[in-house]
Amino acid sequence: MPVKTVPLNLFLDDISGNTTKKWNKFKSCVMSLVAMPFKEQCKVENLFFVCTSNKLSITEMLPELVKDLGALEKGVEMFDMEYGKLVLVVGVVHFLMADNPMHAAVACSLGANATVEQEGVDGDAHARRRKEDLVEMYQHCASNPSNASLRSNSDTGYKLTGGKALLFLQLWDLTMDCPVEILHTIHLGVAKHLVVGMVPFYTKKEVKQLEERFNYHLKAFTRKHHTPFCLCGSYLERDYKIIIQQMPTILCDLVQRRLISNNDSKAIILDCFVKLGLLVSLLYMQDIEACLDIYVDKVRSATKELVASIIMYDDLPAPSTSVKKTIIGNTLKLHLLYY
Numbered sequence: 001m002p003v004k005t006v007p008l009n010l011f012l013d014d015i016s017g018n019t020t021k022k023w024n025k026f027k028s029c030v031m032s033l034v035a036m037p038f039k040e041q042c043k044v045e046n047l048f049f050v051c052t053s054n055k056l057s058i059t060e061m062l063p064e065l066v067k068d069l070g071a072l073e074k075g076v077e078m079f080d081m082e083y084g085k086l087v088l089v090v091g092v093v094h095f096l097m098a099d100n101p102m103h104a105a106v107a108c109s110l111g112a113n114a115t116v117e118q119e120g121v122d123g124d125a126h127a128r129r130r131k132e133d134l135v136e137m138y139q140h141c142a143s144n145p146s147n148a149s150l151r152s153n154s155d156t157g158y159k160l161t162g163g164k165a166l167l168f169l170q171l172w173d174l175t176m177d178c179p180v181e182i183l184h185t186i187h188l189g190v191a192k193h194l195v196v197g198m199v200p201f202y203t204k205k206e207v208k209q210l211e212e213r214f215n216y217h218l219k220a221f222t223r224k225h226h227t228p229f230c231l232c233g234s235y236l237e238r239d240y241k242i243i244i245q246q247m248p249t250i251l252c253d254l255v256q257r258r259l260i261s262n263n264d265s266k267a268i269i270l271d272c273f274v275k276l277g278l279l280v281s282l283l284y285m286q287d288i289e290a291c292l293d294i295y296v297d298k299v300r301s302a303t304k305e306l307v308a309s310i311i312m313y314d315d316l317p318a319p320s321t322s323v324k325k326t327i328i329g330n331t332l333k334l335h336l337l338y339y
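The sequence shown: position 234 = 234 (this note's numbering), numbered continuously.
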């Protein structure tokens, strides 16, 4: 019997059943085929709803979902139109995609509440999460169900949640196969901290110059940013996406035209945005047709350069005593990005 291997991606998120996302949320699992080009994967006809509910959480639906995924790992007979006969289809979960809070719940992680996640950005070596450790923790809890303290360990970052059902999948590792989401880690993480932190370093007149430049109509970049920078803490992901793509060019141009002053602090801020812009230009690429190893090396190099610039930014004193400056290097999202 012919055998076909079909790698799968699963996407977990809230889907609104109302006009706003605040009410009547449906927890949903969507499946796509890894072998398809990225543009084809994103088409509606190639996205398959696996399960959805506005009553149950994702972790409550996982046990039943794992039963089907486990059967696919072993192989399921299906009729194939190309061969005109039954074939054995082996479905393997490639990645499980979700936002950071959802990943923490599914991957049995304490997330931001963990004392230690992985090797520190400063190079301090810490133990990495391993599936074997979680399996051992699950077995201890199963033998002592009344001892609730065994279900969580802040030192290792483990917490047994409904995601423990995924431990029964043989070909998927919940400690390795949960890629970090760009939206939460970069746009609502590093980019947000940089934008909010940079504004106090500039005068009101200089901030006004920045706002005017972002309102310019560019044929090469049709999306505009209209919201004043005084409200930057309330920006949405799309606002930060526009800013980090245009900020390096706009800042460089304003400095060259001497429309804004330049000093050591502002030079470091500019360098952070340049390094961030370089990184996202790599991450926004939809298809890597060749030289994947070179691409991965460039992403790693760009990430390390960004972290080095952020460390210099963190060493800057606050522009005034009334400004509370966030140390970006201490944030979990930067550590997630680094690894």
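All C-beta atoms, glycine included, are put in the ideal place defined by N, C-alpha and C.
{"Query": "Measuring only the C-alpha atoms, how far is Ser28 from Phe48?", "Result": "11 Å"}
{"Query": "What's the gap between the Cα of Thr303 and the Cα of Val89?", "Result": "39 Å"}
{"Query": "Mind checking whether Tyr158 and Leu174 have CB atoms under 8 Å apart?", "Result": "no"}
{"Query": "With Val93 and Leu8 assumed to form a contact (beta carbons below 8 Å), what rounded beta-carbon distance in angstroms separates them?", "Result": "5 Å"}
{"Query": "Considering only their Cβ atoms, is the gap separating Ile269 from Tyr313 smaller than 8 Å?", "Result": "yes"}
{"Query": "If the criterion is Cβ atoms closer than 8 Å, does the pair Ala318 and Tyr240 meet it?", "Result": "no"}
{"Query": "Kindly provide the ranges of any alpha helix (DSSP H) runs that are 4 or more residues long and lie completely inside the region 233 to 265, ordered along the chain.", "Result": "237 to 256"}
{"Query": "Look at the alpha carbon of Val180 and the alpha carbon of Asn100, and state the distance between them as a whole number of angstroms.", "Result": "7 Å"}
{"Query": "Within this structure, are the beta carbons of Leu337 and Ile186 separated by less than 8 Å?", "Result": "yes"}
{"Query": "Return the chain-ordered ranges of every alpha helix (DSSP H) run that is complete within the region 159 to 231 and spans a minimum of 4 residues.", "Result": "191 to 198, 204 to 214"}
{"Query": "Count the other CB atoms, across all protein chains shown, that sit within 10 Å of the CB of Gly233; report buried if there are 16 or more and exposed otherwise.", "Result": "exposed"}
{"Query": "Would you identify the three-state DSSP class for Asn9, choosing helix, strand or coil?", "Result": "strand"}
{"Query": "Since Cys272 contacts Ile310 with CB under 8 Å, what's their CB separation in whole angstroms?", "Result": "6 Å"}
{"Query": "Assuming Ile58 contacts Met97 (C-beta within less than 8 Å), just tell me the rounded distance between them.", "Result": "Not really, about 12 Å apart at Cβ, beyond 8 Å."}
{"Query": "Using a threshold of 8 Å, state whether the C-beta atoms of Gly197 and Lys325 are closer than that.", "Result": "yes"}
{"Query": "Using a Cβ-Cβ cutoff of less than 6 Å, which residues in the same chain neighbour Lys85 once the five nearest sequence positions on both sides are dropped?", "Result": "none"}
{"Query": "Assign Ser16 to one of three DSSP states: helix, strand, or coil.", "Result": "strand"}
{"Query": "Is it buried or exposed, Met247, if we count other Cβ atoms within 10 angstroms and call 16 or more buried?", "Result": "buried"}
{"Query": "In this structure, what does DSSP give as the bridge partners for Met78?", "Result": "Val87"}
{"Query": "Taking only three categories from DSSP, how would you classify Gly120?", "Result": "Legend: pLDDT at Gly120 = 42, less than 50; position of this residue unreliable, value from coordinates given subsequently. The answer is coil: DSSP assigns Gly120 none of H, G, I, E or B."}
{"Query": "Just grab the DSSP bridge partners of Thr303 for me.", "Result": "Paired residues: none, contrary to the question."}
{"Query": "Does the distance from the CB of Val87 to the CB of Leu169 come in under 8 Å?", "Result": "no"}
{"Query": "Report the option in Phe26, Arg300, Leu254 whose CA atom is closest to the CA atom of Lys208.", "Result": "Leu254"}
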